[in-house]
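Participant: For what it's worth, my numbering labels the leading residue of the sequence shown as 134, then goes sequentially.
For each residue, glycine too, the CB sits at the ideal point set by N, CA and C.
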Amino acid sequence: MTHFAGLDVSLEETAICVVDATGRIIKEMRAASEPCALIAALTALGLPLERIGLEACSLTAWLHDALRAAGLPAICIETRSANAAMKTMPNKTDRNDARALAQIMRTGWFRQVHIKLRQSRLWRSLLVARRTVLNEMRAIENVVRAILREGGIKLGTPARAAFAGRVRELAGDDPLILPLVTPLLAILATMLEQLDRLTRQVRVIVRDEEVCRRLMSMPGVGPITAPAFRATIDRPERFRHSRDVGAHLGLTPSRYQSGETDIQGKVAAAAMNSPAPRSTRPHTPC
Numbered sequence: 134m135t136h137f138a139g140l141d142v143s144l145e146e147t148a149i150c151v152v153d154a155t156g157r158i159i160k161e162m163r164a165a166s167e168p169c170a171l172i173a174a175l176t177a178l179g180l181p182l183e184r185i186g187l188e189a190c191s192l193t194a195w196l197h198d199a200l201r202a203a204g205l206p207a208i209c210i211e212t213r214s215a216n217a218a219m220k221t222m223p224n225k226t227d228r229n230d231a232r233a234l235a236q237i238m239r240t241g242w243f244r245q246v247h248i249k250l251r252q253s254r255l256w257r258s259l260l261v262a263r264r265t266v267l268n269e270m271r272a273i274e275n276v277v278r279a280i281l282r283e284g285g286i287k288l289g290t291p292a293r294a295a296f297a298g299r300v301r302e303l304a305g306d307d308p309l310i311l312p313l314v315t316p317l318l319a320i321l322a323t324m325l326e327q328l329d330r331l332t333r334q335v336r337v338i339v340r341d342e343e344v345c346r347r348l349m350s351m352p353g354v355g356p357i358t359a360p361a362f363r364a365t366i367d368r369p370e371r372f373r374h375s376r377d378v379g380a381h382l383g384l385t386p387s388r389y390q391s392g393e394t395d396i397q398g399k400v401a402a403a404a405m406n407s408p409a410p411r412s413t414r415p416h417t418p419c
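(1) Do V314 and V420 come within 7 Å of each other at the CB atom, strictly closer than that value?
(2) Are the segment 303-314 and the segment 341-357 touching by the rule of at least three beta carbon pairs closer than 8 Å?
(3) Could you tell me how far apart the beta carbons of M270 and L328 are, in whole angstroms, since I believe they sit closer than 8 Å?
(4) Label C209 either buried or exposed according to how many other C-beta atoms from any shown protein chain fall within 10 Å of its C-beta, with 16 as the threshold for buried.
(5) Going by DSSP, what residue range makes up the beta strand (DSSP E) through I210?
(6) When the Cα atoms are used, what is the spatial distance from G423 to A233?
(7) The beta strand (DSSP E) spanning R371 covers which residue range?
(8) Is it the case that the segment 246-253 contacts the segment 154-172, given that we only count it when at least three CB pairs across the two stretches are under 8 Å?
(9) Short of 6 Å in beta carbon distance, which residues of its chain neighbour I280, apart from the five on each side in sequence? Order them along the chain.
(10) Leaving out the 5 sequence neighbours to the left and right, which residues in its chain are closer than 7 Å to L288 when beta-carbon positions are compared?
(11) Return the chain-ordered list of same chain residues with a C-beta closer than 7 Å to the C-beta of A207, the five sequence neighbours on each side being excluded.
(12) If you check the beta carbons only, do A248 and A174 fall under 7 Å apart?
(13) Report yes if the CB atom of V152 is closer than 7 Å to the CB atom of A235, and no otherwise.
(14) For the beta strand (DSSP E) containing T394, name the first residue and the last one.
(15) Could you give the C-beta distance for G139 and M238, rounded to a whole number, given that I count them as a contact under 8 Å?
(16) Any chance you could list the alpha helix (DSSP H) runs of at least 4 consecutive residues sitting entirely within the segment 141-180, in chain order?
(17) Which residues mark the beginning and the end of the alpha helix (DSSP H) in which P316 is found?
(18) For H136, is the classification buried or exposed, using 16 other Cβ atoms within 10 angstroms of its Cβ as the cut-off for buried?
(19) Between R257 and T332, which are expected to be in contact by the criterion C-beta below 8 Å, what is the C-beta distance as a whole number of angstroms?
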């Protein structure tokens, strides 16, 4: 008889539930949220496992790859599908969540999530890190502008590399303004250095990746958009049709259909909640 397992993963521990083909609970246990511990716990059962379900979370890709490498049939499922089953449980506990995941694996009522290659995940992390530094720099620059305006100083729009020098020039020897902006300018200098470092890493990826170079041959696609799109798509063969890519990015048109009326509208709000980075969407500046 085949068996199915559900793993409710948390930061430190993972709740495990194993059921048989009839839905009867065979084994419940806990293990550390580490690949070695989970592999040891599942193989020690000595049961033929047909599917092992994990809900999508920050640790899922790491654990999924390790379980697959060990020959275990791990499957990552969509969070919304998992939540629908978990809501049927009277109480929200890790144990009940693992039970729900095991039953989902048994019934087959789930949508499998594609686990990207580790390289694509790391590229995406690099782009997120760069975007985070850039956003924080903009926030600090806006604070500096606000401080200068309190003293009646209008900064204008200097280039980022000339920002600190222009601020010091306009602030002059003001005993009230200069002490406020000096620490912020020091922070900006460090962040600018690290932003350049991250940008150089992105450019190395673009230089060495053939697909990115090919994408950059198109007008408007630069060294940020190309790796962002490459990391988001990951494996093109997982899409049956090219039009499926737009739906994956959330770029789906709204539709109103009633009787003989069928209106195709503009891109729906789903695009705003798309998991793809903004730089992969049309008309987004780099």
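Facilitator: Looking at the atomic coordinates:
(1) Because the chain spans 134 through 419 in this model, residue 420 falls outside it and cannot be assessed.
(2) The segment 303-314 is not in contact with the segment 341-357.
(3) Reading the sequence shown from its first residue, position 137 is the one you call residue 270. Reading the sequence shown from its first residue, position 195 is the one you call residue 328. Rounded, the Cβ-Cβ distance is 7 Å, consistent with contact.
(4) The residue given as residue 209 occupies position 76 in the sequence shown. Buried, since its Cβ has 16 or more Cβ neighbours within 10 Å.
(5) Your numbering for residue 210 matches position 77 in the sequence shown. Taken as a continuous stretch (DSSP letters only), the beta strand (DSSP E) holding I210 covers A207 to I210.
(6) With the chain covering only 134 through 419, there is no way to say anything about residue 423.
(7) Here residue 371 refers to the residue found at position 238 of the sequence shown. No beta strand (DSSP E) holds R371; DSSP gives it neither H nor E.
(8) With fewer than three CB-CB distances shorter than 8 Å, the segment 154-172 does not count as touching the segment 246-253.
(9) Locating residue 280 in the sequence shown gives position 147, counting from the first residue. Excluding sequence neighbours, I280 sits near L313 and V314.
(10) Here the question's residue 288 lines up with position 155 in the sequence shown. Result list for L288: R278, L281, R299, V300 and L303, in chain order.
(11) Within the sequence shown, the letter at position 74 stands for residue 207. The beta carbon of A207 is closer than 7 Å to those of I185, L187, H197, L200 and R201 in its chain, skipping five residues each way along the sequence.
(12) Along the sequence shown, one-based indexing puts residue 248 at 115. Along the sequence shown, one-based indexing puts residue 174 at 41. Residue identity check: residue 248 is Ile in the sequence provided, not Ala. In this structure, A174 does not lie closer than 7 Å to I248 by Cβ.
(13) In the sequence shown, residue 152 corresponds to position 19, counting from 1. In the sequence shown, residue 235 corresponds to position 102, counting from 1. Yes, these two residues count as a Cβ contact at 7 Å.
(14) Residue mapping note: residue 394 aligns to position 261 of the sequence shown, counting from 1. Annotation: the continuous beta strand (DSSP E) that includes T394 extends over T394 to V400.
(15) Within the sequence shown, numbered from 1, the residue matching residue 139 stands at position 6. Within the sequence shown, numbered from 1, the residue matching residue 238 stands at position 105. Right, their Cβ atoms sit about 6 Å apart.
(16) Runs of the alpha helix (DSSP H) inside the segment 141-180: 168-176.
(17) As a first step, residue 316 is located in the sequence shown; it is residue number 183 there, counting from the start. Start and end: L311 to D341.
(18) One-based indexing of the sequence shown puts residue 136 at position 3. H136 sits buried, since 16 or more C-beta atoms from the chains shown fall within 10 Å of its C-beta.
(19) Working through the sequence shown from its first residue, we reach residue 257 at position 124. Working through the sequence shown from its first residue, we reach residue 332 at position 199. In this structure, R257 and T332 do not form a Cβ contact; the two beta carbons are roughly 16 Å apart against a cut-off of 8 Å.
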